[in-house]
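> Protein sequences appear in the order of chains P and C.
Counting in the working numbering, the first sequence runs from 601 upward without gaps.
Counting in the working numbering, the second sequence runs from 119 upward without gaps.
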Amino acid sequence: MALWWSRCCCSRAARLGGPWHGLGARDKHPPAARLAATSAPREAGPGRMEISYFPGESLRLSFPKLNSVFWRIVARFHHTTARTHSCGRMVSDEKYKDPFKLGRKDLKNLYEDMKKELWVSTTELKEMCEYYLDGKGKAFRPVIVVLMARACNFHHNKSEEVKASQRSVAVIAEMIHTATLVHDDVIDDANSRRGKLTVNQVWGERKAVLAGDFILSAASLALARIGNTTIVSVLTQVVEDLVRGEFLQLGSKENETERFAHYLEKTFKKTASLIANSCKAVSILACPDPKVHEIAYQYGKNVGIAFQLIDDVLDFTACSSQLGKPTSADLKLGIATGPVLFACQQFPEINAMIMRRFSLPGDVERAHEFVFQSEGVQQTTYLAQRYCHKAIQEISKLRPSPERDALIQLAEIVLSRDK
Amino acid sequence: MRLLWLSPFARCCSRAFLQFWAGGGKARQQRCLFSGSPTSASHWSKVVSDAEKIVGYPTSFMSLRCLLSDELSNIAMQVRKLVGTKHPLLNTARGFVYDSRNNLQMRGLVVLLVSKAAGPNNKADNSLQKDMISGIYSSQRSLAEVTELIHTAFLVHRGIVNIGELTSLDGPLKDMQFGNKMAVLSGDFLLANACTGLAQLQNTKVVEIMSSAIGELVQGIYYENSNLAKENGLTDDTGISTWEEQIFLSHSALLAKSCQAAMELAKHDAGIQNMAFKYGKHMSMSHKLNVDIQPFVKENCNGTVAFDLNSAPVVLHQEIIGREAWMKQIREAQIKGSLIDYTKLQDAIKAGKGVTSAIDLCRFHGNRALEALECFPPSEARSALENIVYAVTRFS
């Protein structure tokens, strides 16, 4: 397993190398490792967030092996950012498109099915609810959910089919995600998403909030119709986590270690909980074995956190035409994400800016500069890589199947995505 | 459940907390949802406080767990920053205090009364019965709480402001954006708690009923908004049946479906569920009509009461005299530009048959609500439900 992983990383690193190959950071101890070791509070019971990532694994020991690989991968980010005109450069390796292809087989009418759930009499409300269902989204969540469903079904009794209830979970997951997008854009007063105006920009905030509420109620209705109280509880946990995550984002901690734990908890609640719990839901529908449920949950949680960490990196490194939304968005909202928190360890000056939520003129630009002078981007990427590693470790416990392998590949894509 | 025996203490806590919530502002609520006290205020409070005794404890219980949580105290701290701005969230927050005296928790109370009036299902197994306190299942009490949470969440979400439509009169843009942020978050927080409460009931049928109620409520508020948005407050030529459909969504669906769900929790059959639904529907329709009629029947109201042009008497008045004549009356009441002399318009409406038709309609719904109650055996809970109907259909 470890061998496979490092081989894969090496080959990718070599491909991505570029002029920064062998950055010479080999001997440094990235603070990521220190932080990860210190910011590991107690576990909070089953199904809850545990921030203690990589339990039972000595970071220091496994470090040297990954270290060199990591810094070479990281070089890619330096590479793309050092040359800002290189926007749009992307690794177009056919292999990396496969997992999505495999997953989308079961999702052919995903958006049509979502629209069917969103039945309303007023055309304008319907239009608003369907605004983001234009097929331009990545459908990242539903793809993971159906792949997980097939992988678990195959693990359990070698059955090939996705159950109707499992497919419903995929639809519901995307609906919950869409509802949060609409509300988040109102909360952040955002102007554009996926390359178009946000719902609040087009229809105003009052209606946008109602549209979000409506999508959520439709998701909840679809959830109830699955007719399984356990599934209802598992996915309701997501809604609660999403809101609590949003609250965590309001506050910040003074202590650095606490601040990092706070950041990871927020990341789990705002992004990973949805993926983790929908994976858990389809695994419950697949088989009664709690071990399998835990594998599915852990995979989703780790991939989810990695996904968000890379998202936070891209907010610094990608250009807005690539993302379909403005960059440095988090800083402008006063939110300190991974790259800034890491940079803060090298440049304590950032501390004051974090505490005042980058509110003074010039704060955003200076923080941005500090991030690039530091290793914040690399360290965040490294952390994401660790989460992906853990996800792959978990999912490898399932019986081999094309879908399981696709989930492994998907964990890698999360690291290399550029939008 | 956990709060059951805390009542006096909890009630006192909640007051203190809610006062804190309101940032010490003077309560000047104009919102007329369930809070507006129909008929004589004292009569209404008596009906409600009698009913509260029947269900075992006062109803200002709205999820104290929720109100006392870290998240809401965080919001409460933030909302203080809004004092002095014009964001509606401030008024909604104040309303929490004000309305706790004026029975904001009406919906919860009705759900509990209907639960008690229906009683246990004799065909259901006995293990359920142990879970009853004052003749109400603990699951039904949780449902009552969920109903209030949903209602309050939408009170908050109703108060979102359209940033693009603000003028310099509305104060700094930043304040309004901040207010919106707090309003979305606190509404979402209440909704998430409602979802969790629903999931804990372990009954997917109930989750289904209540989810559809939320969907209908959203659509109702949506209509409410689009009616508000009209220039000069001029309404579409909708007619009373459309009015009833929209008011059902915005004011009745939640209560009707909560009553239905309470029956499902006690495993009552579809017939009983339907009657509970009907009571909730028609009682809240007649309540809404009562509130709408008040500006036209109250004496010595100094003529300053601005009434809603979408209220029942106005819609009926327009239907009776015809669109043309109504437009003429509006033009006559226009002072300059878009300003309307409401006293003049009010006199015109009072002179017509709109008000009496609205009273008739209110009584019609009241009678339908009373009919629905006939499926329950006589009890003090049933009498309390009847008294609520008598209170909202009384005009004197």
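Where is the CB? At the ideal position from N, CA and C, for every residue including glycine.
Everything numeric in this text was worked out from a predicted model, so none of it was measured.
(1) How many angstroms separate the CA atom of C:Glu489 from the CA atom of C:Leu427?
(2) Span of the alpha helix (DSSP H) holding P:Arg956?
(3) In chain order, which continuous runs of the alpha helix (DSSP H) of length 4 or greater are located wholly inside the region 762-825 of chain P?
(4) Assuming contact is defined by CB atoms lying nearer than 8 Å, are C:His435 and C:Gly389 in contact in what I supplied?
(5) Does P:Arg648 come within less than 8 Å of chain C when only Cβ atoms are used?
(6) With a threshold of 8 Å on Cβ separation, who are the neighbours of C:Ile268 within its own chain once the five nearest residues in sequence on each side are excluded?
(7) Which bits of chain P does C:Gly470 rub up against, with CB to CB less than 9 Å?
(8) Nearest chain C C-beta to P:Ala824 closer than 8 Å, yes or no?
(9) If you draw a straight line from the alpha carbon of C:Gln391 to that of C:Val228, how long is it in whole angstroms?
(10) Kindly indicate which residue of P:Val843, P:Arg750 and P:Ile815 has the alpha-carbon position closest to the one of P:Lys880.
(11) What does a CB cutoff of less than 8 Å around C:Glu362 pick up in its chain, not counting 5 residues either side in sequence?
(12) Indicate whether P:Arg1004 and P:Ile1013 have their beta-carbon atoms separated by less than 8 Å.
(13) Would you call the CB atoms of C:Asp293 and C:His205 closer than 8 Å?
(14) Closer than 8 Å by C-beta to C:Trp444: which residues in its own chain qualify, once you throw out the five before and the five after it? Chain order, please.
(15) According to DSSP, C:Met403 sits in a beta bridge with which residue or residues?
(16) Check C:Ile458 in the structure and name its three-state DSSP category.
(17) Based on the DSSP output, what are the partners of C:Ile251 in its beta bridges?
(18) Could you tell me the boundaries of the alpha helix (DSSP H) in which P:Ala967 lies?
(19) State the DSSP-derived secondary structure class of C:Gln320, mapped to helix, strand or coil.
(20) Looking at C:Phe494: is its Cβ nearer than 8 Å to the Cβ of C:Arg500?
(21) Can you have a look at P:Asp841 and say buried or exposed, based on whether 16 or more other CB atoms are within 10 angstroms of its CB?
(22) With 16 as the cutoff for other CB atoms within 10 Å, does P:Ile831 come out buried or exposed?
(23) By a C-beta neighbour count over all protein chains shown, 10 Å radius and 16 as the cutoff for buried, is P:Trp719 buried or exposed?
(24) Threshold first: 4 residues or longer. Then list the alpha helix (DSSP H) segments lying entirely within the region 352-416 of chain C, N to C.
(25) Specify whether the region 866-877 of chain P and the region 903-913 of chain P touch according to this definition: at least 3 beta carbon pairs, one from each stretch, less than 8 Å apart.
(26) Kindly indicate if chain C contains any beta-carbon less than 8 Å away from that of P:Asp930.
(27) Nearest to P:Val598 by CA position, among C:Glu283, C:Gln318 and C:Phe296, is which residue?
(28) Could you tell me whether the region 887-907 of chain P touches the region 980-992 of chain P, where touching means 3 or more Cβ pairs closer than 8 Å?
(29) How big is the Cα-Cα spacing for P:Ala824 and C:Thr322?
(30) Say whether chain P places a C-beta atom closer than 8 Å to the C-beta of C:Thr474.
(31) With a threshold of 8 Å between beta-carbons, can P:Asn757 be considered close to chain C, or not?
(32) Got a sec: is the Cβ-Cβ distance from P:Glu805 to anything in chain C below 8 Å?
(33) Chain C partners of P:Phe958, CB-CB under 8 Å?
(34) Counting pairs of beta carbons, one from the region 767-778 of chain P and one from the region 797-807 of chain P, are three or more of them closer than 8 Å?
(35) Short check: CB of P:Leu702 to CB of P:Pro1002, under 8 Å?
The short version:
(1) Here the C-alpha atom of C:Glu489 lies approximately 31 Å from the C-alpha atom of C:Leu427.
(2) Careful: P:Arg956 lies outside any alpha helix (DSSP H) and carries neither H nor E.
(3) 764-787 and 799-803
(4) no
(5) Confidence is the limiting factor: at P:Arg648 the pLDDT is only 38, short of 50, which leaves the residue's position unreliable and the question unanswerable from this model.
(6) Leu308, Leu309, Ala312, Met328, Ala331, Ile332, Leu335 and Leu372
(7) Residues of chain P passing the Cβ test: none, with the nearest at roughly 31 Å.
(8) For P:Ala824, a Cβ of chain C is located within less than 8 Å of the residue's own Cβ.
(9) Counting only the Cα atoms, C:Val228 lies some 14 Å from C:Gln391.
(10) The shortest CA-to-CA distance from P:Lys880 to any of P:Val843, P:Arg750 and P:Ile815 is the one to P:Arg750.
(11) Hits under 8 Å: Met403.
(12) no
(13) Contact annotation: C:Asp293 and C:His205 have beta-carbon atoms nearer than 8 Å.
(14) His435 and Gln436
(15) C:Met403 pairs with nothing; no bridge assigned.
(16) It is a strand residue.
(17) C:Ile251 pairs with C:Ile254.
(18) Asp963 to Gln973
(19) coil
(20) yes
(21) Under this definition P:Asp841 is a buried residue.
(22) It is buried - the Cβ of P:Ile831 has at least 16 other Cβ atoms within 10 Å.
(23) Counting every other CB atom within 10 Å of its CB across the protein chains shown gives P:Trp719 a total below 16, marking it as exposed.
(24) 358-365, 371-383 and 388-415
(25) yes
(26) no
(27) Lying before the first or after the last residue shown, residue 598 of chain P is absent from chain P, which here runs from 601 to 1019.
(28) In short, these stretches touch, since the Cβ pair count reaches three.
(29) 5 Å
(30) The beta-carbon of C:Thr474 is placed no less than 8 Å from the nearest beta-carbon of chain P.
(31) no
(32) With 8 Å as the cut-off, P:Glu805 counts as an interface residue toward chain C.
(33) Going along chain C, no residue has its Cβ under 8 Å from P:Phe958, so there is no contact; the nearest lies around 15 Å.
(34) No: fewer than three Cβ pairs fall under 8 Å.
(35) Judged by their CB atoms, P:Leu702 and P:Pro1002 are nearer to each other than the 8 Å cut-off.
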